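In order, the protein sequence lines correspond to chains A and B.
If you're matching positions, the first sequence starts at 1 in full-length UniProt numbering and goes up one per residue.
If you're matching positions, the second sequence starts at 1 in full-length UniProt numbering and goes up one per residue.
Beta carbons are placed, not taken as given, at the ideal position from N, Cα and C, and that holds for glycine.
Every value quoted in this text rests on a predicted model; they were computed, and no experiment measured them.
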Amino acid sequence: MVVQNDTAARGAPVAVDSTNEERAKKYWRANMQLVAVLLVIWALVSIGCGIILRPLLSGIQVGGTDLGFWFAQQGSIITFIIEIFVYAWRMNRLDHLYEFDEL
Amino acid sequence: MSQYAFNFLFITGSFAIYLIIALWTRAGSTSEFYTAGGGVHPVVNGMATGADWMSAASFISMAGLIAFVGYDNSTYLMGWTGGFVLLAMLLAPYLRKYGHFTVPAFIGDRFYSPAARLVAVVCLIIISTTYVIGQMTGVGVAFSRFLEVDNTTGLIIGAAIVFFYAVFGGMKGITYTQVAQYVVLIFAYTVPAIFIALQLTDNPIPAFGLFGDTQDGTPLLVKLDQVVRDLGFSSYTGHHTDTLNMVLFTLSLMIGTAGLPHVIIRFFTVPRVKDARYSAGWALVFIALLYLTAPAVGAMARLNLIQTLFPSGTQSEPIDYQSRPEWMQKWELTGLLKFDDKNGDGKIQYYNDANKDYAAGAAARGWNGSELSVNQDILVLANPEIARLPQWVVALVAAGGIAAALSTAAGLLLAISSAISHDLLKGAINPYIEEHHELLAARIAMAVAIAIATYLGLNPPGFAAQTVALAFGLAAATIFPTLMMGIFSKRVNSVGAISGMVVGLVFTVVYIFIYKGWFFISGTNSLPDTPDNWLFGISPVSIGAVGAVINFAVAYAVSLATAPPPLEIQALIESIRTPRGAGAALRE
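Now the structure itself:
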């Protein structure tokens with residue numbers, strides 16, 4: 001019962017029938033996609049909005065200065081925190097879906 | 001109660017807590033000594049990582065770096081936090097899965113080469129030793145200012161405390177002291193910041209106050225931009241350095257942060273791979289509490305300083321030297337704040353005398369050069385006094401500065417001593433050493449490392465200030481790329497990895513030495529350290545990111561030209577990539 005509830009809540013493993021090797025490949029591909037998206041955001045908020053794109057954002061006023069300044073001194077740090085927790089949450093789910101979670 | 005009594009009480013009180021923890025956490029095995037037995041809760045590890053990571057540089061120097069430069073030094077904020085994203089997604093979970101005690105041990109096994117392990121040990125020792133010098137000098141400065149003892153005595157007391165919990169407790173002792181030190185340092189940093197934010201902006205949260213309004217309704221940053229421009233400085237929120245170096249410097253700090261061995265080994269202490277992922281997030285939460293406060297502290301302190309000197313506005317005359325506040329008198333004693341009455345009028349003219357456009361206006365006011373020089377490192381320590389906060393707040397800051405320096409020093413010393421006892425002694429000299437002998441060797445290595453760090457702290461080589469660039473540059477150009485390729489590529493082999501590390505190391509060190517002086521001996525630089533001499537205009541402090549790219553490129557090129565790694569190594573990589581089967585960190 002407990003196991004069923006757990007499966008219902010977290011989604012059933014998707015790849016039970018495939019071989020270990022295929023599962024590992026799919027798992028790794030899903031991992032790389034997630035990391036790629038998060039790294040693009042990582043660069044976009046810091047190097048992008050915080051530095052290179054700051055002139056483009058200069059029209060948006062934030063508390064006495066512009067949005068680029070806010071990203072450089074606060075926005076990027078806040079985004080980094082959210083990204084790591086999203087990564088941890090998504091990866092722990094992938095572990096479970098592809099049956100690679102720790103027993 | 002006098003200020004001295006308060007300082008004494010807070011500093012000795014915090015030391016008593018560290019010693020009690022030392023008595024309570026003794027390491028009984030190499031696993032406890034190197035990884036605290038692998039049972040640290042991810043949130044606890046996150047907090048310990050926060051203290052491990054936030055050094056004297058973060059606590060004492062960073063707000064000052066931002067205060068006196070403004071926007072352009074946001075690089076430190078983004079660089080020193082962005083590295084944790086790389087660490088969380090690219091290194092920590094996989095190294096935890098592999099489950100070894102040290103960073104060089106992973107490199108040695110993955111690249112099936114004792115030589116690769118030795119190169120990694122050399123990089124680790126250079127990085128960690130240069131880093132530890134700054135921590136030790138920081139302890140000495142804090143002691144001499146707040147307890148009025150001389151530098152040497154202060155440093156030796158600090159080293160003795162670290163000795164107790166690091167030698168006996170190893171990672172186990174260091175972990176729980178770092179948790180206590182985190183609590184001390186975060187209170188010490190945020191309490192005065194809250195007071196100052198309330199005074200200036202009526203907002204108790206400094207990070208909100210930074211973008212808030214001052215009491216007369218003008219936004220804080222608008223007011224700050226105005227007063228600094230009035231005195232001939234460049235605007236606080238403006239972008240004044242070149243974009244290329246800002247980007248490369250940020251990237252170097254990010255990649256370097258992710259490659260610092262003393263931070264990486266903290267993630268060996270959590271029970272599971274999923275804990276390593278969350279723990280990195282918690283670490284950044286605890287770090288962000290300080291890093292979101294620091295830019296507010298910087299901006300508010302700069303405004304406070306100028307308003308102290310020009311109480312009736314920057315258009316009027318500054319205060320008389322005779323009526324200067326008490327905190328200025330105290331810091332003058334340390335030599336970190338200096339007044340030189342160049343025009344002999346007895347007033348403290350403080351402005352940017354390097355600004356040629358401003359020279360005529362200054363001359364018209366009868367000013368003959370800026371008369372006050374302020375070392376930017378005193379800003380955080382003097383902040384509570386500048387804002388006239390209660391005595392206990394000043395004492396809290398003193399204890400916090402020492403906690404920040406000691407916690408980082410302990411983490412670095414553990415990285416150094418485990419590289420010596422586990423990678424050199426057990427790995428290269430005597431693989432069959434019994435566990436209790438290795439534990440003894442680890443303790444002796446720790447004691448020797450503390451002695452050397454103390455010596456270097458007392459006799460800092462002239463280059464101490466330059467070493468941040470070196471430590472981050474090397475971590476970025478050597479450790480990070482090699483670890484990442486070890487996990488993400490099945491093709492990179494031992495020859496490739498060793499060539500990459502060696503070329504990355506030599507390139508970065510040589511580029512820094514060409515402009516900063518060979519082995520940092522001043523006057524021996526081959527080219528002047530000015531933008532028109534830099535290769536493609538890249539500053540030597542920003543070179544780590546380029547070194548990292550070169551490491552990646554060389555390692556791949558050499559690997560593709562030589563045979564792929566053996567099949568068992570490819571199987572090892574497969575197993576690192578999936579969390580199932582991660583046990584506690586193993587002893588070989």
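Against chain B, a Cβ distance below 7 Å from A/VAL35 picks out MET89.
Contiguous alpha helix (DSSP H) elements confined to the segment 316-380 of chain B occur at 326-334, 356-364, taking only those with 4 or more residues. When only Cα atoms are considered, B/SER316 and B/VAL285 end up about 44 Å apart. Annotation: B/THR35 to B/ASP340 spans about 53 Å, alpha carbon to alpha carbon. Between the segment 121-140 of chain B and the segment 305-324 of chain B, the count of Cβ pairs shorter than 8 Å is below three; the stretches do not touch. The beta-carbon separation of B/THR508 and B/GLY544, rounded to 6 Å, stays under the 8 Å limit for a contact. Taking the beta carbon of B/TYR71 as reference, the chain A residues within 7 Å of it are PHE69, ALA72, listed in sequence order. By the CB criterion at 8 Å, B/ILE479 and B/ILE576 fall outside the cutoff.
Among the residues facing chain B, A/ILE84 is included, as its CB has a counterpart in that chain under 8 Å away. Per DSSP, B/LYS426 lies in no alpha helix (DSSP H) and is assigned neither H nor E. Distance from the Cα of B/ASN493 is smallest, within the candidate group B/GLU438, B/TYR278, B/GLY517, B/ILE573, for B/ILE573. Considered as a whole, the segment 196-254 of chain B harbours 206-210, 220-230 as its complete alpha helix (DSSP H) runs of no fewer than 4 residues, in chain order.
Distance from the Cα of B/LEU567 is smallest, within the candidate group B/ASP532, B/PHE111, B/GLY169, for B/PHE111.
The three-state reading of DSSP puts B/THR314 in coil, since its state is none of H, G, I, E or B. Listed in chain order, the non-local C-beta contacts of B/ALA63 below 7 Å within the same chain comprise ALA294, VAL297, GLY298, ALA301, LEU379, VAL380, local neighbours out to five positions each way being set aside. The Cβ neighbour count for B/GLY523, taken over all protein chains shown within 10 Å, is under 16; the residue is labelled exposed. Between the segment 383-396 of chain B and the segment 191-198 of chain B there are three or more inter-stretch CB-CB distances shorter than 8 Å, so the stretches are counted as touching. With fewer than 16 other Cβ atoms inside 10 Å of its own Cβ, B/SER526 counts as exposed.
Inclusion of B/ILE127 and B/LEU413 in the CB contact set at 8 Å is not warranted, their separation being larger than that value. For B/GLN391, the enclosing alpha helix (DSSP H) has its first and last residue at 391-418. Among the CB atoms of chain A, none fall inside 8 Å of the CB of B/PHE286.
Around B/LEU440, the same chain offers no residue with a beta carbon nearer than 8 Å, after the five sequence neighbours per side are excluded. Taking the beta carbon of A/ARG54 as reference, the chain B residues within 7 Å of it are HIS239, listed in sequence order. Per DSSP, reduced to three states, the secondary structure at B/THR25 is coil, with no helix or strand assignment. A Cβ of chain B is located within less than 8 Å of the beta carbon of A/GLU102. Look at the beta carbons and you see the segment 65-79 of chain B touching the segment 245-254 of chain B: at least three pairs across the two are nearer than 8 Å.
A/VAL62 is bridged by DSSP to A/THR65. B/PRO566 sits in coil when the DSSP states are folded into three classes, being neither helix nor strand.
For the set A/GLY64, A/GLY63, A/PHE69, the Cα lying nearest the Cα of A/LEU56 is the one of A/PHE69. In this structure, DSSP gives B/MET484 a helical state, which the three-state scheme calls helix.
Shortest Cα-Cα distance from B/VAL495 to any of B/MET47, B/ALA115, B/VAL69 involves B/ALA115. For B/GLY547, there are no neighbours in chain A by C-beta distance under 8 Å, as the nearest C-beta there is about 18 Å away. Chain B has a Cβ within less than 8 Å of the Cβ of A/THR65. Excluding five sequence positions before and after B/TYR189, the CB atoms of its chain that fall closer than 7 Å to its own CB belong to PHE59, LEU290, THR293, GLY400, given in chain order. From the beta-carbon of A/LEU38, the residues of chain B found nearer than 8 Å are VAL85, MET89. Across the set B/PHE164, B/GLY313, B/PHE513, the C-alpha of B/GLY313 shows the shortest separation from the C-alpha of B/VAL227.
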